[in-house]
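A.B. asks: The structure that follows is given in the form of C-alpha cells.
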Amino acid sequence: MPRRSAPPQSLSRYWNKYVGHCAGSVGRFRRITYALPAGPARTWLGEIAQRLDVELDAVRRLAIVGDSIEPAWFRVSEAPAKRIAKRLEAARTAFEDAVSQAAEVAEQVALDPAHSDVRAHLEVLSRQASQLALAPAPPDPEPEPTRRRRIRRREG
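The numbering used here puts the first residue of the sequence shown at 1083, with every later residue one more than the last.
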C-alpha cells in the first residue's frame, strides 16, 4: 500500500511571516512583469519569476524546518532556529530587492524600450534570483568589548 504524503504543514506565526513576505514579493514581481508590453524584457522577467517560485519553495522548506525546531509567535531563542531566521530574513530582503529592480526595469522599458541599461539590470537580476533563499546566513556581528571602569580610591 503506497504511503500518503503528509498534508501541507501550517506554520506558527513567526515562521509564516517570512513565507508571507516572500510570497508577497513574488506576487508583486509577477504583477510588474505582466504590466510590461510583450517583448524581451517581459520574457526575461517571466523567466526570473519562475526562478523566484523555486526560491520561494526553498523559503517554505526552511520555514518548516525552523517551525519544527521552535514554533513561535514573536521570536525564537534556540540557536538553530535563530540561524534559520537569519537566513530567512536575508531571503526576505533579497526578494524585496528583486521587486525593486524589476520595478526599475519596468520604468526604463516604459520610458525607453531600447535603453541599454535595461539589459544590464536584467542580467544582474537574473544572477541574483537564482540563489535568494540558498544564500548563506549573514555572519553574527562581533560582540562589543566590555569596558572596564576605573575605580578611584579616595585618599584621606
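Yeah, the Cβ is synthetic: ideal placement off N, Cα and C, and Gly gets one too.
#1: In or out: G1121 buried (at least 16 other Cβ within 10 Å) or exposed?
#2: Just the C-alpha distance for Y1096 and A1172, rounded to the nearest angstrom, thanks.
#3: Whose C-alpha, out of D1194, Y1100, V1187, R1174, is nearest the C-alpha of I1114?
#4: Just to confirm, is the Cβ distance from L1170 to L1144 under 8 Å?
#5: Please classify E1137 as buried or exposed, where buried requires at least 16 other C-beta atoms within 10 Å of its C-beta.
C.D. replies: Reading from the atomic positions:
#1: exposed
#2: 15 Å
#3: V1187
#4: With respect to L1144, L1170 sits close: the two C-beta atoms are nearer than 8 Å.
#5: Classification of E1137: buried, given that the 10 Å Cβ count is 16 or more.
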